[in-house]
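Data block below; observations after.
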Amino acid sequence: TTTLMSKRWDRRILSLSLIAIISNASYTTIAPILPLEIDKHHISERWTSIIFLAFPIGCTVVSFLAAKRLEEVGAEKVMTFGMTLMSVLFYCLSYVFQLVDGSSHLLVAGLTITQFFIGASMSMITTGYYSTATLIFPSAKESALSCIETSVGLGYIIGPIVGSALYDEMGYQSAYRCVSFVVMVMASILWKFLTAHLKQTDDYDMNPTTFSLLKQPQIFCAAMSILWINVSWSFLEPILAKRLELFQVGKKGIGIIFAL
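Residue numbers in the sequence shown follow our numbering, run continuously in steps of one, and reach 284 at the last position.
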């Protein structure tokens, strides 16, 4: 019987958990930082909401494609590509205000496109570690998912706090350069070292297609509920960050509130 205590499985779940922490921590640095920077450039809340809405749209569109690619090229390659893309996009995010300074329309377009592809990269990573966790050892999938969920939660806690602290101490550009660097290092480690522990083996079960799963009412309802939550939260994030700043909460305080 395979359990989480076996050395091989332990390395795999540690690898996936580390990916979940880093990717979610990186993504959640956006919520307490980007709305405040957008507000400095006098972008209306309507356009800010559209910018943030691009993230869940990117997640939704690419998740179907990522699921199809997992069996073809392997989860480790999909996740590595996703993390590399995320690193490049965060680096672009650090320069977008400087590149399109003076044109609000170009700024909105640039931020919307960047957010869309950050959502796409996050979808690749998330699809990779969840599918790998459930398929490597079916007999221990509950334990595997609990480890992944704990790691995702840690990422949600770490991201806003670290992001707001970096923003407060270093400024917008330097904060996202640091995030970009950390994600790129993680992608390199995944490719060079962790890949060996994530390759598909005979332990994998054949999984049904995404569209066949969505034909099941309970899965369709769950998927639509998650989509609605993500879309709703994408509207609330920028509004909450701006309102907290009006109450003079401070950047670090905003980060702590988002972590909660």
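Using N, Cα and C, we set each Cβ at its ideal position, and we do this for glycine too. Computed from a predicted model, the values in this text were never measured in an experiment.
Exercise for the section: Evaluate Pro184 with the Cβ neighbour count: other Cβ atoms within 10 Å of its Cβ, from every protein chain shown; 16 or more gives buried, anything less gives exposed. Expected result: Here residue 184 refers to the residue found at position 160 when the sequence shown is read from its first residue. Buried: at least 16 other Cβ atoms inside 10 Å.
Practice task
Compute the Euclidean distance between the alpha carbons of Ala144 and Thr108, then round it to the nearest angstrom.
Solution key: By 1-based counting over the sequence shown, the position of residue 144 is 120. By 1-based counting over the sequence shown, the position of residue 108 is 84. If you take the alpha carbons of Ala144 and Thr108, they lie about 12 Å apart.
Practice task
Indicate the three-state DSSP secondary structure (helix, strand or coil) for Val124 in the structure shown.
Solution key: Indexing the sequence shown from 1 puts residue 124 at position 100. Val124 falls in the coil class under three-state DSSP.
Exercise for the section: Measure from the C-beta of Glu173 to each C-beta in chain C and report whether the shortest distance is under 7 Å. Expected result: Of the protein chains in this structure there is only one, and it is not chain C.
Handout entry: Cα-Cα separation between Thr40 and Ala157, rounded to whole angstroms
Key = For the purposes of this step, residue 40 is taken as residue 16 along the sequence shown, with counting starting at 1. For the purposes of this step, residue 157 is taken as residue 133 along the sequence shown, with counting starting at 1. As written in the sequence, residue 40 is Leu, which differs from the Thr given in the question. The straight-line gap from Cα to Cα measures roughly 7 Å.
Exercise for the section: Figure out for me which residue from Ile149, Thr150 and Tyr119 has the closest Cα to the Cα of Leu135. Expected result: Counted from its first residue, the sequence shown places residue 135 at position 111. Measuring from the Cα of Leu135, the nearest candidate turns out to be Tyr119.
Exercise for the section: Classify Gly82 as helix, strand or coil using the three-state DSSP reduction. Expected result: For the purposes of this step, residue 82 is taken as residue 58 along the sequence shown, with counting starting at 1. Three-state DSSP puts Gly82 in a helix.
Exercise for the section: Output the distance between the C-alpha atoms of Leu60 and Val206, rounded to the nearest integer angstrom. Expected result: Position 36 of the sequence shown, counted from the start, is the residue given in the question as residue 60. Position 182 of the sequence shown, counted from the start, is the residue given in the question as residue 206. About 23 Å.
Handout entry: Chain-order list of residues whose beta-carbon lies under 8 Å from that of Tyr115 (same chain, five-residue window excluded)
Key = For the purposes of this step, residue 115 is taken as residue 91 along the sequence shown, with counting starting at 1. These residues qualify, in order along the chain: Tyr200, Arg201 and Ser204.
Practice task
Take Leu214 as the anchor and find which of Lys64, Ala55, Val124 and Met103 has the nearest alpha-carbon.
Solution key: By one-based count along the sequence shown, residue 214 stands at place 190. When only C-alpha atoms are compared, the closest one is Met103.
Practice task
Give the single residue among Val186, Ile81, Asn48 and His65 whose Cα lies nearest to the Cα of Gly177.
Solution key: What you label residue 177 is simply residue 153 of the sequence shown in a count that begins at 1. Selected option, being the one with the closest Cα: Asn48.
Exercise for the section: With a cut-off of 8 Å on the beta carbons, I'd call Phe121 and His65 a contact; round off their distance for me. Expected result: Here the question's residue 121 lines up with position 97 in the sequence shown. Here the question's residue 65 lines up with position 41 in the sequence shown. About 7 Å separates the two Cβ atoms, so the contact holds.
Exercise for the section: Can you have a look at Thr53 and say buried or exposed, based on whether 16 or more other CB atoms are within 10 angstroms of its CB? Expected result: Taking the sequence shown and counting its residues from 1, one reaches residue 53 at position 29. Classification for Thr53: buried.
Exercise for the section: Give the single residue among Ile149, Ile45, Phe79 and Ser68 whose Cα lies nearest to the Cα of Gln139. Expected result: For the purposes of this step, residue 139 is taken as residue 115 along the sequence shown, with counting starting at 1. Of the listed residues, the one whose Cα sits closest to Gln139 is Phe79.
Problem - Buried or exposed by the 16-neighbour rule on C-beta atoms within 10 Å, applied to Met148 - result: On the sequence shown, position 124 is the one that residue 148 refers to. The residue is buried, with at least 16 neighbouring Cβ atoms inside 10 Å.
Problem - Close beta carbons around Ile74, own chain, < 8 Å, minus the five adjacent residues each side - result: Translated into the one-based positions of the sequence shown, residue 74 becomes position 50. Same-chain partners within the cutoff: Val132 and Thr136.
Practice task
Classify Gly195 as helix, strand or coil using the three-state DSSP reduction.
Solution key: Mapped onto the sequence shown, residue 195 falls at position 171. Gly195: coil per DSSP, three-state reduction.
Handout entry: Complete runs of the alpha helix (DSSP H) confined to the segment 158-213 [at least 4 residues]
Key = 165-194 and 196-213
Handout entry: Ile54: first and last residue of the uninterrupted alpha helix (DSSP H) it sits in
Key = Your numbering for residue 54 matches position 30 in the sequence shown. Ile54 to Lys64 is the extent of the alpha helix (DSSP H) around Ile54.
Exercise for the section: Select from Glu100, Phe141 and Pro56 the residue whose C-alpha is nearest the C-alpha of Tyr180. Expected result: Locating residue 180 in the sequence shown gives position 156, where the first residue counts as 1. Of the candidates Glu100, Phe141 and Pro56, the one whose C-alpha sits nearest the C-alpha of Tyr180 is Pro56.
Handout entry: Ala44 to Thr150 span [Cα, whole Å]
Key = By one-based count along the sequence shown, residue 44 stands at place 20. By one-based count along the sequence shown, residue 150 stands at place 126. If I take the Cα positions, the gap works out to 7 Å.
Problem - Buried or exposed by the 16-neighbour rule on C-beta atoms within 10 Å, applied to Gly195 - result: As a position in the sequence shown, residue 195 is number 171, starting the count at 1. Burial call: exposed.
Exercise for the section: Take the Cβ of Arg70 as the centre, count every other Cβ of all protein chains shown within 10 Å, and call the residue buried at 16 or more, exposed below. Expected result: Counting from 1 along the sequence shown, the entry for residue 70 is found at position 46. The residue is exposed, with fewer than 16 neighbouring Cβ atoms inside 10 Å.
Problem - Collapsed DSSP secondary structure at Gly98 in the structure displayed - result: As a first step, residue 98 must be located in the sequence shown, where it is residue number 74. It is coil, neither helix nor strand.
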